[in-house]
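Residues in the sequence shown are numbered from 8 upward in steps of one, following the working numbering. Positions of the beta carbon are idealized from the N, C-alpha and C atoms, including for glycine. All values reported here derive from a predicted model rather than from experimental measurement. To keep things clear, I will list the structure first and then write my remarks on it.
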Amino acid sequence: MSFFLKKKKKRKNSFIVEGLKEIKMALKANYIPEYIFLYKKIYKYEFISNFFRKQFFISYQIYKKISFRKKTGGIIASFFKKKFYIKKIKINLTTFLLVLEGIEKPGNLGAILRTTEAAGIDAVLLCNNTIDIFNPNVIRSSLGAVFTNNITIENYENIILWLKTKKIKIISTSVKNNKNNIKNIYNLKLENKSLAIVIGAESKGLSENWFKSSNIIIHIPMKGKIDSLNVSTSTAIILFEIIRQNYN
C-alpha cells in the first residue's frame, strides 16, 4: 500500500482506473488487473474484486489520498499498460482512421476517444503527443472508451510513411479556409474508402508536414464570428459527416 501511494504520480508500467463502469471497460478490453482498493462504506459491487489477486480495504483518509475524482463509488483499481504498434493495425478496403497531432488537453482527448468509439473508427494514431492516454481525466471523459479504442503513438514521419505505404488517403483539416484547393466538408466526394482524417490542436492546428502530405484538405464552414470550434466537437462533426457521405 505504501509503495502504491509513493509511486502514484510516477507509475510507468501501470495506471489507475476509478469507478465501476471504467474498471469493467478495462477488464472487457483484456487489460491485466494489478490492485483493487475498496472503501467498504460505499462499495457495493463485490464481484468485480474477484478479478484482482491483490485487494485492499481502505479507510476514508487513504481513499481520499489515492482518488482523483470525487465520486468513484468506493472502488479504485490499477492495471498494467499495453503497448500498441502501428504495424498491428488491420487494414481493409474500408479502413477509417483518425490521426491526432498535438492534442493539448486530456479532457479533449477523452471526448474524442468517446466519439471514435461511437463512430466505429478502426484506429486512432497520436503524433506529437504530450498526454498520457491513461491520464485519469482521459479515462473519465472517454467513459472508458480509451480502453476499447485501438490507439497507437508514433512520430508523424512514421505515420505518414505507413499511411502512404498502405495507400490510405490522407485528409487533413484546416481551421481557416486560407489554402489552395481546400474543400468544404459537406461537399466532399471520396472515391477511395480507405482513409485517414488528420486533426490538430486547437491553438496551432496542423503542422505543414501534414498539408504537404495530404491528398485532400478540408474545413468546416462557419457563419458566426468565431474562427474555430472545440477540437472534440470538430472531430465529431467531421467523422460523422464522412460516415454519412461514404459509409452508409
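- Buried or exposed (CB count within 10 angstroms, at least 16 for buried), ILE23: buried
How far does the alpha helix (DSSP H) with LYS219 in it extend, from its first residue to its last? 215-220
Count the C-beta pairs between the segment 136-147 and the segment 166-179 that are closer than 8 Å, then say yes if the count reaches three, no if not.
-> no
*Note the first and the last residue of the continuous alpha helix (DSSP H) segment covering ILE167.*
163-172
Curious, which full-length beta strand (DSSP E) runs of at least 3 residues does the segment 37-96 contain? 40-45, 61-64, 82-87
| Roughly how many angstroms separate the alpha carbons of LYS211 and VAL182, rounded to a whole number? | 9 Å
For ALA203 and ILE192, I'd like the C-alpha separation in whole angstroms. 14 Å
Item checked: Under 9 Å between C-beta atoms of CYS134 and GLU111 -> no
SER21 and SER85 - do their beta-carbons sit closer together than 9 Å? yes
Taking Cβ to Cβ, would you say ILE223 is nearer than 9 Å to ILE178?
yes
Practice problem: Check VAL182 in the structure and name its three-state DSSP category. | Solution: coil
| query | What's the C-alpha gap between MET32 and ILE73? | reply | 20 Å
TODO: Determine, using beta carbons only, whether ALA152 comes closer than 9 Å to chain D.
DONE: Among the protein chains of the structure shown there is no chain D, as only one such chain exists.
| query | Where does PRO113 land, buried or exposed, given buried means 16+ other C-beta within 10 angstroms? | reply | The residue in question, PRO113, is buried, as its Cβ has 16 or more Cβ neighbours within 10 Å.
- Note down the Cα distance separating ARG60 from ILE82, rounded to an integer number of angstroms. Straight through space, the alpha carbons of ILE82 and ARG60 are spaced by roughly 15 Å.
(request) Measure from the alpha carbon of LYS95 to the alpha carbon of each residue in GLY151, VAL153, ASN157, then state which is nearest. (result) Per the C-alpha coordinates, the member of GLY151, VAL153, ASN157 positioned closest to LYS95 is ASN157.
Review point. Does the Cβ of TYR70 have 16 or more other Cβ atoms within 10 Å, making it buried, or fewer, making it exposed?
Key: Using a 10 angstroms sphere on the CB of TYR70, the tally of other CB atoms reaches 16 or more, which defines it as buried.
How far does the beta strand (DSSP E) with SER148 in it extend, from its first residue to its last?
First-last for SER148: 143-149, but that is the alpha helix (DSSP H), not the beta strand (DSSP E).
| said: Is the separation between the beta-carbon of SER214 and that of ASN99 shorter than 9 Å? | reply: no
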